[in-house]
Amino acid sequence: MTSKLITPESPLLVPPLLAAEIGLTEAVILQQIHYFCQISKHIKRDGRRWFWKTLKDWGHTLPFLTISTIRRAIANLRDNFKLIDVCRHSEKTWYQANWFTVNVENVQALWNRICQNQQIDVSNLELSICSHTADHNKDFPSKEFTSQQHSAVESPKTEELEAKILECDQEVICQTPELELPQITHFVDEPEQDESISKTDHHEAHSFAAVSGFHNEDSGDDYTQPQEKSIQPSQEEVQEVLQQLREIRCTPQFRLNGEIQRTVRRYWANVPGAIAYLKEAVRTWKGIKSPEAVFVSACKEGRKPETQQAKSGVVAWFEWARQQRIVIAMSRETVYTPDGEAVALAEMMRRFPVGK
């Protein structure tokens with residue numbers, strides 16, 4: 002086997018630094034959206050190139066991803082990272098499909114931040130259809146396509162349908178970022194059930210008009226319980242937390258990705274304690290191989306710094322002891338009994354355990 006490619010099929014491009022920042026699935030789909038925009042002939046009134054694609058079509062393009070995973074990644078790219086825009090330019094036609102484009106300004110800003118974090122030269126983001134490296138991988142003659150073009154080939158029937166859409170379309174401009182992706186029902190926790198997937202595929206095959214929005218709690222499998230709607234964080238609050246995590250000085254440097262954002266939203270009540278726990282770990286531990294894993298684990302398990310946990314235990318004991326008339330006041334490491342006697346806090350906690 003003399004070829005650089007193990008099979009005679011066109012490989013997908015994966016930007017490695019981008020994948021490390023936003024997640025592998027999100028990076029693959031963002032690269033695909035960029036590629037389809039580059040070859041699209043449809044320029045809307047905002048001056049940007051758009052293309053339309055259904056979830057079923059996405060499943061054919063990326064057969065190694067489930068529909069739910071693709072839907073969740075698109076939601077992250079649009080709602081969390083703000084790297085793409087999704088609109089219903091064909092909403093006046095019978096064929097209800099979403100149109101996609103890249104938010105170039107936000108992608109440029111993200112790339113600049115990645116360059117700064119990686120301490121490499123910051124250069125203007127030159128958007129191209131495919132990299133030189135991918136082009137140099139051509140070792141299969143005749144039927145070879147450039148990277149990603151194989152998966153992007155449109156059938157004549159699809160092109161005719163797209164033309165009909167444009168004839169009927171009145172070039173509706175995107176009025177709000179809250180436009181929905183089609184064929185969204187309820188998300189289920191992984192592992193996905195075959196029955197739910199088959200229902201979604203059946204729905205996609207017979208009706209492209211059914212729509213349900215990407216709400217915060219439904220924008221991915223991990224956005225559901227245990228968080229209540231009343232304590233769901235806003236986008237600004239989430240971004241503020243992510244900025245705090247980004248500024249934590251540790252080696253290796255803390256890297257944001259899709260899992261971090263989902264964890265912050267799902268375990269919002271535990272986030273302050275988890276951040277404090279991570280900072281204490283950075284100061285006191287000999288070394289941290291993965292600060293991201295420490296933070297995620299602290300969020301899920303509700304961990305707090307040892308000093309904070311000890312303080313909360315003392316407060317809980319004092320409240321109990323005061324209600325039992327064992328003590329009446331406390332000052333630092335000393336408590337006072339109803340008789341006015343001053344006793345060491347640790348000694349009183351040993352004498353009178355909570356509940357006994």
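Every position in the sequence shown, counted from 1, becomes a number in our numbering once 1 is added. Virtual Cβ for every residue (Gly too), placed ideally from N, Cα, C. Model, not experiment: these values are computed from the prediction.
- Listed in chain order, the non-local C-beta contacts of Q262 below 6 Å within the same chain comprise N81, local neighbours out to five positions each way being set aside.
- As a beta-bridge residue in DSSP terms, A330 pairs with Y337.
- For P64, the closest alpha carbon among the candidates H43, A98, L13 and R89 is that of L13.
- Residue range V105 to Q119 is occupied by the alpha helix (DSSP H) that includes A110, with no beta strand (DSSP E) assigned at that position.
- According to the DSSP secondary-structure assignment, R50 is paired through a beta bridge with I44.
- In the DSSP assignment, D86 falls outside any alpha helix (DSSP H) and lies within the beta strand (DSSP E) extending over I85 to C88.
- Secondary structure of A98 (DSSP, three-state): coil.
- Taking 8 Å as the upper bound for CB-CB distance, W100 and W59 are not in contact here, some 13 Å apart.
- Within the same chain, and ignoring the five residues on either side of R304 in sequence, the residues whose Cβ sits closer than 6 Å to its Cβ are Y278.
- In the displayed model, V355 falls within coil according to three-state DSSP, outside both helix and strand.
- Residue state for V344 is assigned as strand, using DSSP reduced to three classes.
- The beta carbon of N104 lies closer than 8 Å to those of K83, L84, I85 and D86 in the same chain, with the five residues before and after it left out.
- Between the alpha carbons of Q236 and S41 lies a distance of about 31 Å.
- A direct Cα-to-Cα measurement between W53 and V29 gives close to 17 Å.
- Taking 4 residues as the shortest admissible run, the segment 254-325 contains the following complete alpha helix (DSSP H) segments, listed from N- to C-terminal end: 259-267, 272-285, 292-302 and 307-324.
- Looking at the backbone, the Cα of M350 and that of N118 are separated by about 48 Å.
- By alpha-carbon distance to E334, the top candidate from I327, P292 and L346 is L346.
- The C-beta of R46 has fewer than 16 other C-beta atoms within 10 Å across all chains shown, which makes the residue exposed.
- A contact is defined here as three or more CB-CB pairs under 8 Å, and the segment 282-294 fails this definition with respect to the segment 311-329.
- For V15, the CB contacts under 8 Å within the same chain, skipping 5 residues up- and downstream, are L25, A28, V29 and Q32 in chain order.
- Considering only W321, A343 and S332, the residue with the shortest C-alpha distance to V355 is W321.
- Check the Cα spacing between V272 and each of T55, Q233 and W286: the tightest is with Q233.
- P306 counts as buried, since no fewer than 16 other beta carbons sit within 10 angstroms of its beta carbon.
- Using a Cβ distance threshold of 9 Å, P253 and P292 count as a contacting pair.
- Exclusion of the five residues before and after L78 leaves E27, I30, L31, L84 and I85 as the residues of its chain whose Cβ lies within less than 7 Å of its Cβ.
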